[in-house]
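J.: Quick note, the sequences are listed as chains A and B, same order. Just remember that the numbering used here sits 110 ahead of the position in the first sequence, which is counted from 1. Just remember that the numbering used here sits 110 ahead of the position in the second sequence, which is counted from 1.
Number of protein chains: 2
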Amino acid sequence: MAARTTSTGASAARERLLQTASELFYREGIHAVGVDRIIAEAGVTRATFYRHFPSKEDLVEAYLGVEDANIRGAFDAAEASGAEPGQLVGLVIEGLADDVARHHTRGCPFINAAAEYPDPESGVRRAVAEHREWFRSELEKVLGAAEADDPGATAGQLVLLRDAAMVGGYLDGWERVRPSFIAAATRTAGLDR
Amino acid sequence: MAARTTSTGASAARERLLQTASELFYREGIHAVGVDRIIAEAGVTRATFYRHFPSKEDLVEAYLGVEDANIRGAFDAAEASGAEPGQLVGLVIEGLADDVARHHTRGCPFINAAAEYPDPESGVRRAVAEHREWFRSELEKVLGAAEADDPGATAGQLVLLRDAAMVGGYLDGWERVRPSFIAAATRTAGLDR
DNA sequence: AAAGAGATAGAACGATCGTTCTACTTCACA
DNA sequence: TGTGAAGTAGAACGATCGTTCTATCTCTTT
Numbered sequence: 111m112a113a114r115t116t117s118t119g120a121s122a123a124r125e126r127l128l129q130t131a132s133e134l135f136y137r138e139g140i141h142a143v144g145v146d147r148i149i150a151e152a153g154v155t156r157a158t159f160y161r162h163f164p165s166k167e168d169l170v171e172a173y174l175g176v177e178d179a180n181i182r183g184a185f186d187a188a189e190a191s192g193a194e195p196g197q198l199v200g201l202v203i204e205g206l207a208d209d210v211a212r213h214h215t216r217g218c219p220f221i222n223a224a225a226e227y228p229d230p231e232s233g234v235r236r237a238v239a240e241h242r243e244w245f246r247s248e249l250e251k252v253l254g255a256a257e258a259d260d261p262g263a264t265a266g267q268l269v270l271l272r273d274a275a276m277v278g279g280y281l282d283g284w285e286r287v288r289p290s291f292i293a294a295a296t297r298t299a300g301l302d303r
Numbered sequence: 111m112a113a114r115t116t117s118t119g120a121s122a123a124r125e126r127l128l129q130t131a132s133e134l135f136y137r138e139g140i141h142a143v144g145v146d147r148i149i150a151e152a153g154v155t156r157a158t159f160y161r162h163f164p165s166k167e168d169l170v171e172a173y174l175g176v177e178d179a180n181i182r183g184a185f186d187a188a189e190a191s192g193a194e195p196g197q198l199v200g201l202v203i204e205g206l207a208d209d210v211a212r213h214h215t216r217g218c219p220f221i222n223a224a225a226e227y228p229d230p231e232s233g234v235r236r237a238v239a240e241h242r243e244w245f246r247s248e249l250e251k252v253l254g255a256a257e258a259d260d261p262g263a264t265a266g267q268l269v270l271l272r273d274a275a276m277v278g279g280y281l282d283g284w285e286r287v288r289p290s291f292i293a294a295a296t297r298t299a300g301l302d303r
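1) In chain A, which residues lie less than 8 Å from residue 321 of chain B when you measure between Cβ atoms?
2) Leaving out the 5 sequence neighbours to the left and right, which residues in its chain are closer than 7 Å to residue 229 of chain A when beta-carbon positions are compared?
3) Would you say residue 148 of chain A faces chain B, with C-beta separation under 7 Å as the test?
4) Among the candidates A:175, A:167 and A:273, whose CA atom is the shortest distance from the CA of residue 216 of chain A?
5) List the residues of chain A that residue 282 of chain B touches, going by C-beta distances under 7 Å, in chain order.
6) With C-beta atoms as the reference, is residue 297 of chain A less than 7 Å away from residue 269 of chain A?
7) If you check the beta carbons only, do residue 134 of chain B and residue 145 of chain B fall under 7 Å apart?
8) With a threshold of 7 Å between beta-carbons, can residue 301 of chain B be considered close to chain A, or not?
9) Just to confirm, is the Cβ distance from residue 271 of chain B to residue 295 of chain B under 7 Å?
10) Note down the Cα distance separating residue 237 of chain A from residue 196 of chain B, rounded to an integer number of angstroms.
11) Helix, strand or coil, according to DSSP, for residue 164 of chain A in the structure here?
12) Nearest CA to the CA of residue 275 of chain B: which residue from B:290, B:169 and B:265?
13) Measuring CB to CB, does residue 154 of chain B end up less than 7 Å from residue 127 of chain B?
14) Taking Cβ-Cβ distances shorter than 9 Å, what residues in chain B pair up with residue 123 of chain A?
15) Buried or exposed: residue 214 of chain B, going by 16 or more other Cβ atoms within 10 Å of its Cβ?
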């Protein structure tokens, strides 16, 4: 058995590796999960691991890439749903709330990763910075289309609120944080008028 | 040379150990800093380390205890300053902003620690939960004295805003986040009326 | 004067870290 | 048909992890 079995062109072993690592990194932290754990749970050999990822840090960056792609996909889906710009802002807020409730119950993958990588020049921190900048500008775009006043400032505040929601949802429980998040986000976005 | 040299009754070696570890843990992350690093930079022997801290995790908990005590001290100072309850809320917000700008430029010690400790039953996570609960109730007390409406809900929202400020200050730069934080916090606390 | 706690110094424990290596097999494609 | 990439299997590298140990010295307290 070997090689490219998936439709995307990526090898099956690589995808299993990436998915297993993503779950472990998110649930237990990055430094806390060793290469041995990952290859054992992915059912793959060390040699196969290093064939696809030159080092563990490359795998970490790929993990953040998966998280980034997931969120971009959610945005694309929302925009492709044919909702009007005015509605879209509300959909985004609801989507973020739903994401924290369902998938990201251990906090934000990017915030958590940054906690473990102090060097701003590292590949991991670059990935975090790029993701945050994309997210901010995407919000600004949506807000601009909905003709909100000062989309730039509002987008910045919504980024902060999402950070707060993910951290608070993890440490205090989402049911305690959700009302505050919804109220603050809708008011910030100007949806309460 | 030996033993208790400080006025507080704690040994000098223990205090050097704790201060050194606190700086390293905060700046570089907990799992990333080994015991060897700590004892080397503290100028202390392994045996001395384990005399004062049964395990590394005890040192981690002591580190969070130091951070907790610092913030409690700041609150006590603000309350002892003789400011009126109405002013106190504003002082607290300014104090938080000042803290992020000066001391906590690598994020929140408790949020960062929680990112590395997934088990909610662990001593570290318990310390995080206790600190957050104290902070929330302290805010509620101050807001209640200032006769804000719904001190409970407002305190919860201010906790979220502080989380956002510390995360955003670390990852996006405090100068970008500060205006949003000040605006949102003063409005949430009802100081803009 | 005796006792004990706190410090120093340094060797050593087994376990795990991330990484590299050789040897052999299997499949896709030119 | 043969070349090469992708897979399995497993030994081994040096480094570091957190922890334990013995041995000796110093100071404070009784």
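Even glycine gets a Cβ: it sits at the ideal position worked out from N, Cα and C.
T.: Taking the definition as stated:
1) In the structure displayed, chain B extends from 111 to 303; residue 321 of chain B sits before or after that span and is not available.
2) 235
3) no
4) A:273
5) Result: 242.
6) no
7) no
8) no
9) Yes, the pair counts as a contact, with Cβ atoms nearer than the cut-off.
10) 43 Å
11) coil
12) B:290
13) yes
14) In chain order: nothing, as chain B lies at least about 27 Å away.
15) buried
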